[in-house]
Amino acid sequence: MSNDQQPPAGPGGAHSGEPHHQGDLGARLNWLRAGVLGANDGVVSTAGLVVGVAGAAGSASELLTAGLAGLLAGSLSMAAGEYVSVSTQRDSEQAALEMERRELARTPDAELEELTGLYMAKGLDRELAHEVAVQLTAHDALAAHAETELGIDPEELTNPWHAAWASFLAFTVGAMLPLLAIVLPPADARVPVTVAAVIAALVVCGWLSARLGKARIAPAVIRNVAGGSLAMAITYAAGVLLNAAR
């Protein structure tokens, strides 16, 4: 094969041997981004809790108890919230798919014309749009309408249990860092070590979330560190004031 020749294209215009799974990649990135944000929540909320207890001159056992309680409550809350949210989204998607299925059964010609119009709106001329609509309808009418009209892939509906477990694990992993940082060092080093560890974790989480979201890294990191630091400062000050008032 000469240098000017191109390798043969595979199905759908993809070059042979080149993976084309943009939808799967987008879904994986969304899961990863949600995991990073869940871990970030675990870091900030648990750090604020244990630093506040440390400010109130809590003992190691009190810090451990408070941290574990916060970790468990936070992870369960995140899991429950994610389960409810994703279940509601899934129910809505399934209802929309069922409505589309009924419309295809009742008025197939009108649905074909509607699909043609959708492809014309994307820039195809009427003849080509109609040809594409006819071929996709013959292949899988519901999938064609769901993906083009509703933005739903019928084969890729999110599982609420997967979402719940992912949130639970992400929060737990994030919460473990400040919990270990506050209970393992000597008493006089607990708060400084925790603050340093949390700031480092917030930098990493901010960087990852910005990269995954294709946003500017510096503002994302600064916001994340500033928010987490403010939470720790406020809860620590509250703990000190409560200890002084005893």
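In this note's numbering, the protein residues as written are 67 to 312.
No residue lacks a Cβ here, since even glycine has one placed at the ideal position from N, Cα and C.
These numbers come from a predicted model, not from an experiment.
Between the C-alpha atoms of W231 and L194 there is a straight-line separation of about 45 Å. Sixteen is the threshold: since fewer than 16 other Cβ atoms of the shown chains lie within 10 Å of the Cβ of M165, the residue is exposed. Taking the Cα of R167 as reference, the smallest distance to any Cα among G240, E128, A210 and V287 is reached at A210. A straight line joining the alpha-carbon of P285 with that of S275 spans about 11 Å. Secondary structure at N225: coil, using DSSP grouped into helix, strand and coil. At a Cβ-Cβ threshold of 7 Å, L216 and A303 do not count as neighbours. Distance from the Cα of G136 is smallest, within the candidate group N106, S295 and T112, for T112. Per DSSP, reduced to three states, the secondary structure at G124 is coil, with no helix or strand assignment. Counting every other CB atom within 10 Å of its CB across the protein chains shown gives T173 a total below 16, marking it as exposed.
F234 is positioned such that its CB atom lies no closer than 7 Å to that of D107.
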